[in-house]
Amino acid sequence: MTGMTLKVLSPLHIGNGRELTPLDIYPGDGVVYVLDTGKLTADLINMGISLEEILHLLKNPPGDAYVWKGYIDELHLNPSDYALYALRIHGEPGRRSMQIKEFIKLNGRPYIPGSSVKGALRTAVLYKALKECGDSGTAMNVVSGIKNKRGQVERKTAELAREIGWSESLVDFYLAKLPQERTDGKHADDLLEAIVFGMESDRRSGVKYEPKRDPMRALIVRDSGAIGKKRLAVYHVDVIGNVQPIPIWVEALEPGTTAEIEVKVDTELLRLNSDYFNGVLWECLRDWGRPWEAFETFLWEAVEEFYTAVRKAETAEARKFGTKAAEVKRFYSSLEGHGGHVLRIGWGSGWLAMTIGVLLKENRRWEGVRRQLGLGQKPGGRGLSRDFPKTRRLAKGMPMGWVVLE
Amino acid sequence: MEGRDRGFYGKIIFTGKLKAETGLKIGAGRNVAEIGGVDSPVIRDPLTHYPYIPGSSLKGRLRSLFEIYVNSNREKYNINTTENFFNKNIGTKENPINIHVCPDYESALNCPVCRLFGASGDKSNFPSRVIVRDLHLTPEWKGRPLDELTEVKPEVSIDRITSKTNLRQFERVVAGTEFEFEIIYNVERLDQWEDDVRNILTAMALLEDSYLGGSGSRGYGKVKFEFESVEFKTPEYYRTGDEGQKVKIDGAKGKPVSEILKNFEELFSGVKSRLEAG
């Protein structure tokens, strides 16, 4: 595999951390214009409006926060003359104000970062490695072989291996261990990823993640080429299960958008480092024959299995989408039997697609761990929801971020 | 110094553009990061503040890729297949970074990697036949404002249990940026120059399908070479400065690596006849 086409199946938003504010836009009829405010200001000054007045209005918008709208409408200017680009709008624009999460761009044109796609592939591989080879025996053997600089197995490492050995599975061990750890939730998976992807000896925790021992480094996913700005639109995002006081708007690629993206596996790197990789994943690949030859098949099977599981879990809980349930079910039905490699990336993917949640939820310990981690906080911090994940995001009735690699 | 017989038969000089097809991150190290700045700034020229690519980064990457290539084709290169090719650990015992280095001058002379890129062997050294200059921006890109040359790319790492995110910001040179490269090959042996030059080109072709700099496995660092000129400067040129003592390889201008490799015989025929004529 090398050159692939990524096709967007449902609105896709990958943010750059910035937001377009009412000071950047002009809401038109079914379109939002992103303004070249420098050009507009220069023309307004030429028309006799003082810079002081413009600055005053920008600092103190009069009720309606679309400051430029006043000038453009009153002076009968054509907003498209001052637009950097125009965005179709799906949903009603904010009447007096709106903030739009901006899509990641290069030289003003959107693209799909390789890191977004690779992250989604990695989640799928983690899922499959745990499902297929996450038995306690395999995981215990892998961990018990990790030696320190002096070639010895640390006491903590041996303890860790034993603990895993006593468990039903690696996931079961992990969910039993997690409540004992002081984790901020941002690093809850650290030890698990180390054991699965590759690790080195660590006195404190037994083992820790070592990127050089991770076979995933042989998977290269390039940034996509630039995508036409015309493929971007503004979507109003419905947050089902938690009414948002402030509406959410995102710049997103419309379904049907395509981008060229290179995905390749450096088989030689895998072969040469065969003795160096040491996680459950590599052990799993050994069961398939020559791991470096099996890697690519394993990867795409992982994608198929994981994202099918995510779709099934979402469909099974379609009632949580409320009035949109039928639409969502229809969307997921349309993905069944879809050719290529269907996966989910970007913002709004939800907990199920971004984590190994479909595996975790099967475990009897999960609910307790979830509560301990504080996942599923009710709005206003009023305790934890009984239902997790409670909220779902939809754009134009579609779950966001589904794409296919062909 | 066992029987060193180094010669000088001229230099082949490759120049051209290296284009970053995706964002490029060659880090300056965290110690120069400013408070409130990005996690990992790119390396910049201390005087002009323009980003640049150190020759050592490009040369190291070419060597590394070519080492792997040779290791997988050892029989073709008459290299002992029973010994571990990656024989020198330049990392730590715990985190080894294994490279190939011939232990002495004689073995390096017969090694396609070491005689090209040099070897600091345990017994004796072999000086590199290749020089890779630092790569600076093309004049066109130097004409752009500094803040248009790099971007700060936000990335989030997502915890695969809680889905909580960690935001990281990486500075990288924007896709499309072009740098000028100059690679110089010293012709030291008449029976090896052709193989050596082909090997340089092979390493360049390998790099185009790999990456330069950091975070290459998640999108960064795809590069492409485009030749501006390839010329051979004879020893006589270095004695007289006479332009007529240079052999310009017509047909290299504007060509990618693959084209140069494909038409190697034809393109380098002038160099060959000059070298054979002595």
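Going down the list, the sequences are from chains A and B. Under the numbering used here, the first residue of the first sequence carries the number 1, and numbering increases by one thereafter. Under the numbering used here, the first residue of the second sequence carries the number 407, and numbering increases by one thereafter. Ideal Cβ placement from N, Cα and C applies to all residues, glycine included. On a predicted model such as this, the values are computed, not experimentally measured, just so you know.
Report task. Return helix, strand or coil for K628 of chain B, following the three-state DSSP convention. Result -> coil
**Report entry** R150 of chain A, DSSP secondary structure in three states
**Finding:** coil
Requested in this report: Just the C-alpha distance for R203 of chain A and V153 of chain A, rounded to the nearest angstrom, thanks.
Outcome: 10 Å
**Report entry** E254 of chain A versus A:R95, A:V403, A:G94 and A:N78, residue with shortest Cα-Cα distance
**Finding:** A:V403
**Report entry** DSSP beta-bridge partners of T37 of chain A
**Finding:** In DSSP, T37 of chain A forms no bridge with anything.
**Report entry** Contact test: R311 of chain A Cβ vs the ligand GDP heavy atom, cutoff 8 Å
**Finding:** Although the ligand GDP was asked about, the structure shown includes no ligands whatsoever.
Query raised in the report: Does any C-beta atom of chain A lie closer than 9 Å to the C-beta of S616 of chain B?
Result: yes
Query raised in the report: In chain order, what residues of the same chain lie with their CB nearer than 6 Å to the CB of M4 of chain A, ignoring the 5 residues before and after it?
Result: I261, V263 and L405
Report task. Measure the CB-CB distance between E102 of chain A and G15 of chain A and report whether it falls below 9 Å. Result -> yes
Query - Close beta carbons around K378 of chain A, own chain, < 7 Å, minus the five adjacent residues each side - result: L384 and S385
**Report entry** The alpha helix (DSSP H) enclosing I72 of chain A, as first and last residue numbers
**Finding:** V67 to E74
**Report entry** For P518 of chain B, the nearest candidate out of B:E649, B:S478 and B:I496 (CA to CA)
**Finding:** B:S478
Requested in this report: Could you say which of A:L20, A:F306 and A:W68 lies nearest to D43 of chain A if we only look at CA atoms?
Outcome: A:W68
Query raised in the report: Is the shortest distance between the beta-carbon of T581 of chain B and the beta-carbons of chain A less than 9 Å?
Result: Checking the sequence shown, residue 581 of chain B turns out to be Ala, not Thr. Taking Cβ atoms only, chain A reaches closer than 9 Å to A581 of chain B, which makes this a yes.
Query raised in the report: When you compare only the Cα positions, how much space is there between P247 of chain A and V358 of chain A?
Result: 29 Å
Query - C-beta contact flag for A611 of chain B and S664 of chain B at 9 Å - result: yes
Query - Partners in chain B for H13 of chain A, counting only beta-carbon separations shorter than 8 Å - result: Neighbours of H13 of chain A on chain B: none; closest Cβ ~13 Å, over 8 Å.
Query raised in the report: Count the other CB atoms within 10 Å of the CB of V438 of chain B; is the residue buried (16 or more) or exposed (fewer)?
Result: Low confidence applies to V438 of chain B: its pLDDT is 49, below 50, so where it sits in the model is not reliable enough to give any reading.
Query raised in the report: Going by DSSP, which residues form a beta bridge with Y85 of chain A?
Result: A:V34
Report task. Report the residue ranges of all alpha helix (DSSP H) runs contained in full by the stretch 452-493 of chain B; include only those spanning at least 4 residues, in chain order. Result -> 461-477
Query raised in the report: Does any residue of chain A bring its CB to less than 9 Å from the CB of L573 of chain B?
Result: yes
Report task. State the beta-bridge partners of K361 of chain A as determined by DSSP. Result -> Partner(s): none; K361 of chain A has no beta bridge.
Query raised in the report: If you measure from the beta carbon of K482 of chain B to each beta carbon in chain A, is any gap under 9 Å?
Result: no
**Report entry** Own chain partners of Y111 of chain A with C-beta closer than 8 Å, once the 5 adjacent residues on each side are dropped
**Finding:** I104, K105, D223, S224, G225, A226, I227 and A259
Requested in this report: Flag this pair as yes or no: are the beta carbons of K659 of chain B and E634 of chain B separated by less than 9 Å?
Outcome: yes
Query - Under 9 Å between C-beta atoms of T421 of chain B and I589 of chain B - result: yes
Requested in this report: Figure out for me which residue from A:R392, A:M47 and A:G397 has the closest Cα to the Cα of Q244 of chain A.
Outcome: A:R392
Query raised in the report: Under a CB-based cut-off of 9 Å, is G657 of chain B close to chain A?
Result: no
**Report entry** Beta carbon proximity, T5 of chain A to chain B, threshold 9 Å
**Finding:** no
Query raised in the report: Is the CB-CB distance between L468 of chain B and A609 of chain B below 9 Å?
Result: yes
Query raised in the report: Who are the neighbours of P399 of chain A on chain B, taking C-beta pairs under 9 Å?
Result: Simply none; closest approach about 15 Å.
Query - Own chain, CB closer than 6 Å to Y33 of chain A, minus 5 neighbours either side, in chain order - result: Y26, P79, A83 and A86
Query - Residues within the stretch 185-198 of chain A neighbouring chain B, beta-carbon criterion of under 9 Å - result: G185, K186, H187, A188, D189, D190, L192 and E193
Requested in this report: Could you name the residues of chain A that S569 of chain B contacts, counting a contact when the two beta carbons are closer than 7 Å?
Outcome: W351, M354 and T355
Query - C-alpha distance - E301 of chain A paired with Q575 of chain B, whole-angstrom precision - result: 32 Å
Query raised in the report: What residues in the stretch 618-632 of chain B have a beta carbon less than 8 Å from any beta carbon of chain A?
Result: S621, G622, S623, R624, G625, Y626 and K628
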